[in-house]
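**Student:**
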Amino acid sequence: MYYDEAEKLSRLEIERLQLMRLQRTLRQAAKSPFYGALFRERGVDPEKVTSLADVRRLPFTTKQDLRDSYPDRLLAMPQSEMVRMHVSSGTTGTPTVIYHTKRDLDWWASLMARCMHMVGLRKTDVFQNMSGYGLFTGGLGIHCGAEKLGCLTIPAGAGNSQRQIKLLMDFKVTGIHIIPSYALHLSTVFAGLGIDPRTLPLRIALVGAEPYTEEARRRLEAMYDMKVYNSYGLSEMNGPGVAFECQEQHGMHVWEDAYLAEIVDPQTGEPLPDGELGELVMTSLGREGMPIIRYRTRDLTRFLTGQCPCGRVHRRIDRLQGRCDDMMIVKGVNIFPMQIERILMSMPEVGQDYLIILERDGYIDNIRIKVEIREEYFVEDMRTLAVLQKRIASRLRDEILVTPRVELVEHNSLPKSDGKAARVCDRRGEGA
Ligand code: ADP
Ligand code: ZN
Numbered sequence: 552m553y554y555d556e557a558e559k560l561s562r563l564e565i566e567r568l569q570l571m572r573l574q575r576t577l578r579q580a581a582k583s584p585f586y587g588a589l590f591r592e593r594g595v596d597p598e599k600v601t602s603l604a605d606v607r608r609l610p611f612t613t614k615q616d617l618r619d620s621y622p623d624r625l626l627a628m629p630q631s632e633m634v635r636m637h638v639s640s641g642t643t644g645t646p647t648v649i650y651h652t653k654r655d656l657d658w659w660a661s662l663m664a665r666c667m668h669m670v671g672l673r674k675t676d677v678f679q680n681m682s683g684y685g686l687f688t689g690g691l692g693i694h695c696g697a698e699k700l701g702c703l704t705i706p707a708g709a710g711n712s713q714r715q716i717k718l719l720m721d722f723k724v725t726g727i728h729i730i731p732s733y734a735l736h737l738s739t740v741f742a743g744l745g746i747d748p749r750t751l752p753l754r755i756a757l758v759g760a761e762p763y764t765e766e767a768r769r770r771l772e773a774m775y776d777m778k779v780y781n782s783y784g785l786s787e788m789n790g791p792g793v794a795f796e797c798q799e800q801h802g803m804h805v806w807e808d809a810y811l812a813e814i815v816d817p818q819t820g821e822p823l824p825d826g827e828l829g830e831l832v833m834t835s836l837g838r839e840g841m842p843i844i845r846y847r848t849r850d851l852t853r854f855l856t857g858q859c860p861c862g863r864v865h866r867r868i869d870r871l872q873g874r875c876d877d878m879m880i881v882k883g884v885n886i887f888p889m890q891i892e893r894i895l896m897s898m899p900e901v902g903q904d905y906l907i908i909l910e911r912d913g914y915i916d917n918i919r920i921k922v923e924i925r926e927e928y929f930v931e932d933m934r935t936l937a938v939l940q941k942r943i944a945s946r947l948r949d950e951i952l953v954t955p956r957v958e959l960v961e962h963n964s965l966p967k968s969d970g971k972a973a974r975v976c977d978r979r980g981e982g983a
């Protein structure tokens with residue numbers, strides 16, 4: 552039933568293990584030039600951490616700290632012990648480097664295999680990984696997990712949709728890893744080829760690496776006739792395999808034998824009670840080469856309360872709302888791109904892509920949204936389209952409290968990216 556003994560742990564056992572591993576991690580981290588100096592400066596003594604609550608007294612680590620430590624000030628072991636490095640995709644600025652020892656990689660692969668097993672993948676499955684390889688962790692990270700589980704693993708990489716579809720069909724692929732924006736787009740390529748993806752043997756998709764809504768998930772499940780499971784991770788904490796949905800599809804279990812998760816107020820850094828939305832802070836509990844303490848992920852989520860019916864007690868986090876940096880302020884109102892996606896993806900006329908453009912008219916900020924419309928609706932007469940345009944704008948206004956300018960565009964006409972989608976284009980700084 553379970554892949555790993557760790558899935559069966561009770562609350563008490565998890566916490567005991569976490570404390571032991573936290574102490575070990577702190578001792579290990581202290582060997583790196585960065586934490587060695589930081590601990591001395593802040594008077595942190597790993598031996599004085601005697602309860603899990605003591606974690607709150609430890610300093611945070613930020614993305615900037617990682618950048619300042621470039622290229623190797625976070626290494627807790629000689630570089631000769633390292634066997635791989637990854638670099639975060641740099642969605643929000645200069646990338647950061649993460650190193651792994653052989654043991655670190657083995658552990659990561661087993662965490663990943665655990666996630667895949669949890670959602671029902673087995674060694675008999677044929678698994679196609681459609682995310683970019685290279686420095687991005689969604690490539691090798693998922694790949695090694697799938698191999699560890701014993702799946703026939705196809706390293707398809709990103710893009711080249713027609714070849715993806717051919718591989719899916721020729722090798723009767725049953726499991727995939729794909730980012731949400733690309734999965735939505737790929738369905739339009741299927742349509743163009745006149746192939747119904749529901750006729751494929753595909754049954755399980757691991758979908759993550761960028762935010763998406765419950766509405767987008769349901770859409771994907773219906774379009775492909777497969778189960779979609781949310782997958783969360785970040786390079787700083789290895790990559791995928793940090794938190795993953797179980798078959799209940801209600802929140803993602805954080806593997807607490809491997810990570811210590813906290814949710815804090817992004818402004819004050821103070822811990823928030825379960826159920827409240829805040830910034831996820833993560834400590835690695837099993838990494839020897841490059842341990843990271845209290846990393847400020849900038850990702851917004853909440854701990855779900857109550858027991859998961861699946862029986863695992865590893866705590867669950869809610870679907871991510873986005874990054875702190877994703878919040879747009881338009882006419883004094885705070886808006887997250889996912890609020891807009893939720894509305895768009897719930898409307899059957901809307902196609903698979905959209906783009907949010909922020910503009911400034913004189914002193915007034917405006918929000919313009921380009922929305923792809925399904926082929927069958929786009930041929931309608933102008934009047935029907937005008938009505939649809941108004942309806943979308945008014946549904947959006949109810950959600951975001953600002954009336955956007957909605958522009959309907961032909962399906963498949965917005966620019967596509969091979970990696971994470973750029974949902975927002977801020978032009979407010981341009982021109983005068
Ligand atoms: P970058 O920060 O440059 O994008 P990573 O490749 O390490 O680099 O991406 C990790 C980030 O991707 C996370 O911090 C989070 O913002 C986002 N992410 C990953 N998985 C999900 C998910 N399932 N839902 C929402 N966001 C996700
Ligand atoms: Zn569960």
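If you read the sequence shown in the working numbering, its first letter stands for residue 552, the second for the next number, and so on. Positions of the beta carbon are idealized from the N, C-alpha and C atoms, including for glycine. Computed from a predicted model, the values in this text were never measured in an experiment.
(1) Is the beta carbon of residue 841 sitting closer than 8 Å to the one on residue 788?
(2) If we ignore side chains and look at the alpha-carbon of each, how far apart do residue 944 and residue 674 end up?
(3) Ignore the nearest five residues each way along the sequence and tell me which others in residue 652's own chain have a CB closer than 7 Å to its CB.
(4) Quick one: is residue 983 buried, meaning 16 or more other Cβ sit within 10 Å of its Cβ, or exposed?
(5) Excluding the 5 residues preceding and the 5 following residue 823 in the sequence, name in chain order all residues of the same chain whose CB lies nearer than 7 Å to its CB.
(6) Going straight from the alpha carbon of residue 932 to that of residue 902, what length do you get?
(7) Please determine if the segment 908-918 and the segment 974-981 are in contact, where contact requires at least 3 C-beta pairs separated by less than 8 Å.
(8) Considering only C-alpha positions, which residue in the set 693, 879 and 647 is nearest to residue 846?
(9) Taking only the alpha-carbon atoms, compute the straight-line gap between residue 559 and residue 780 and give it to the nearest angstrom.
(10) Given that a residue counts as buried once 16 or more other Cβ atoms are within 10 Å of its Cβ, and exposed if not, what is residue 935?
(11) Report yes if the C-beta distance between residue 726 and residue 695 is below 8 Å; otherwise report no.
(12) Which residue wins for smallest C-alpha separation from residue 1053, given the options 907, 968 and 576?
(13) Do you know whose CA, among 671, 707 and 554, lies nearest residue 679's CA?
(14) Rounded to whole angstroms, what is the Cα-Cα separation between residue 865 and residue 666?
(15) Using DSSP's beta-bridge definition, name the partner residues of residue 778.
(16) Could you check if residue 792 is buried or exposed, using at least 16 other CB atoms within 10 Å of its CB as the buried criterion?
(17) For a test of your reading of the model: does the CB of residue 558 fall under 7 Å from any non-hydrogen atom of ligand 2? Yes or no.
(18) When DSSP labels each residue in this structure, what does residue 983 get in the three-state scheme?
(19) Would you list the one or two residues that DSSP bridges to residue 679?
(20) Excluding the 5 residues flanking residue 699 on each side, which residues of the same chain have their C-beta closer than 8 Å to its C-beta?
(21) Please work out which residues of its chain come closer than 7 Å, Cβ to Cβ, to residue 889, disregarding the five sequence neighbours upstream and downstream, and give them in chain order.
(22) So, does the CB of residue 749 fall closer than 8 Å to a CB anywhere in chain C?
(23) Taking the beta strand (DSSP E) that residue 911 belongs to, which residues open and close that run?
(24) With a Cβ-Cβ cutoff of 8 Å, do residue 836 and residue 809 count as a contact?
(25) Would you give the residue range spanned by the beta strand (DSSP E) that residue 793 belongs to?
(26) Of all the options 773, 775, 776 and 768, which has the alpha carbon lying nearest to the alpha carbon of residue 782?
(27) So which residues put a beta carbon under 6 Å from any heavy atom of ligand 2, going in chain order?
(28) On the CB-based measure, 16 or more other CB atoms within 10 Å of its CB, does residue 599 come out buried or exposed?
(29) Could you spell out where the alpha helix (DSSP H) holding residue 588 opens and where it closes?
(30) Tell me whether the segment 846-855 and the segment 583-602 touch, counting them as touching only if at least three CB pairs, one residue from each stretch, are closer than 8 Å.
(31) On the DSSP bridge assignment, give the partners of residue 885 in chain order.
(32) Rank 784, 821, 905 and 900 by C-alpha distance to the C-alpha of residue 938 and give the top, closest one.
(33) State buried or exposed for residue 915, treating a residue as buried only when at least 16 other CB atoms are found within 10 Å of its CB.
(34) Tell me, please, which residues DSSP counts as bridged to residue 632.
**Tutor:** Short version:
(1) Working through the sequence shown from its first residue, we reach residue 841 at position 290. Working through the sequence shown from its first residue, we reach residue 788 at position 237. Cβ distance not < 8 Å, so residue 841 and residue 788 don't count as in contact.
(2) If you number the sequence shown from 1, residue 944 lands on position 393. If you number the sequence shown from 1, residue 674 lands on position 123. The alpha-carbon separation between residue 944 and residue 674 amounts to approximately 47 Å.
(3) For this step, residue 652 is matched to residue 101 along the sequence shown. Only residues of its own chain outside the window of five on either side were considered, and among them 628, 632, 633, 634, 839 and 840 have a CB closer than 7 Å to the CB of residue 652, listed in chain order.
(4) Here residue 983 refers to the residue found at position 432 when the sequence shown is read from its first residue. Confidence in residue 983 is poor, its pLDDT being 46 and thus under 50, which makes the residue's placement unreliable; the coordinate value appears in the next sentence. Sixteen is the threshold: since fewer than 16 other Cβ atoms of the shown chains lie within 10 Å of the Cβ of residue 983, the residue is exposed.
(5) As a first step, residue 823 must be located in the sequence shown, where it is residue number 272. Here the set comprises 814, 815, 816 and 829.
(6) The residue you call residue 932 lines up with position 381 of the sequence shown. The residue you call residue 902 lines up with position 351 of the sequence shown. Residue 932 and residue 902 have their C-alpha atoms some 18 Å from each other.
(7) Yes: the two stretches touch, three or more of their Cβ pairs being nearer than 8 Å.
(8) Indexing the sequence shown from 1 puts residue 846 at position 295. That would be 647, whose Cα lies nearest to the Cα of residue 846.
(9) Sequence index remark: in the sequence shown, residue 559 carries index 8 (1-based). Sequence index remark: in the sequence shown, residue 780 carries index 229 (1-based). Rounded to the nearest angstrom, the two C-alpha atoms are 21 Å apart.
(10) As a first step, residue 935 must be located in the sequence shown, where it is residue number 384. Residue 935 should be labelled exposed.
(11) Residue numbering aside, residue 726 sits at position 175 when the sequence shown is read from its first letter. Residue numbering aside, residue 695 sits at position 144 when the sequence shown is read from its first letter. For the 8 Å CB-CB criterion, residue 726 and residue 695 do not form a contact.
(12) Not covered by the structure: residue 1053. The range shown for the chain is 552 to 983.
(13) Numbered from 1 along the sequence shown, position 128 holds the residue referred to as residue 679. Each of 671, 707 and 554 was checked against the Cα of residue 679, and the nearest Cα belongs to 707.
(14) Residue mapping note: residue 865 aligns to position 314 of the sequence shown, counting from 1. Residue mapping note: residue 666 aligns to position 115 of the sequence shown, counting from 1. Approximately 12 Å, taken between the alpha carbons.
(15) As a first step, residue 778 is located in the sequence shown; it is residue number 227 there, counting from the start. BP columns for residue 778 point to 755.
(16) Here residue 792 refers to the residue found at position 241 when the sequence shown is read from its first residue. Burial call: buried.
(17) Residue numbering aside, residue 558 sits at position 7 when the sequence shown is read from its first letter. Incorrect: residue 558 has no Cβ contact closer than 7 Å to ligand 2.
(18) Locating residue 983 in the sequence shown gives position 432, where the first residue counts as 1. Residue confidence is low: residue 983 scores 46 on pLDDT, short of 50, so the model does not pin down where it sits. No coordinate-derived value is stated.
(19) Numbered from its first residue, the sequence shown carries residue 679 at position 128. In the DSSP assignment, residue 679 is bridged to 705 and 727.
(20) Working through the sequence shown from its first residue, we reach residue 699 at position 148. For residue 699, where only same-chain residues beyond five positions count, the Cβ hits under 8 Å are 660, 661, 663 and 664.
(21) Taking the sequence shown and counting its residues from 1, the one referred to as residue 889 is at position 338. The beta carbon of residue 889 sits closer than 7 Å to those of 762, 764, 872 and 873, all from its chain and outside the five residues before and after it, given in chain order.
(22) Looking for chain C here will not work: only one protein chain is present.
(23) Counting from 1 along the sequence shown, the entry for residue 911 is found at position 360. Segment 901-912, the beta strand (DSSP E) holding residue 911.
(24) Your numbering for residue 836 matches position 285 in the sequence shown. Your numbering for residue 809 matches position 258 in the sequence shown. A contact, by the Cβ cut-off of 8 Å.
(25) The sequence position of residue 793 within the sequence shown is 242, counting from 1. Residue 793 -> beta strand (DSSP E) spans 790-796.
(26) In the sequence shown, residue 782 corresponds to position 231, counting from 1. Measuring from the Cα of residue 782, the nearest candidate turns out to be 768.
(27) Here the list is 797, 799, 804, 859, 861 and 863.
(28) The residue labelled residue 599 in the question sits at position 48 within the sequence shown. That one is exposed.
(29) Here the question's residue 588 lines up with position 37 in the sequence shown. 584-593 is the extent of the alpha helix (DSSP H) around residue 588.
(30) In this structure the segment 846-855 does not touch the segment 583-602; the number of beta carbon pairs closer than 8 Å is below three.
(31) By one-based count along the sequence shown, residue 885 stands at place 334. Its beta-bridge partners are 880.
(32) For the purposes of this step, residue 938 is taken as residue 387 along the sequence shown, with counting starting at 1. Ranking the options by Cα distance to residue 938, first place goes to 900.
(33) Along the sequence shown, read from residue 1 onward, the residue named residue 915 stands at position 364. Exposed: under 16 other Cβ atoms inside 10 Å.
(34) In the sequence shown, the residue the question calls residue 632 occupies position 81. None; residue 632 has no bridge partner.
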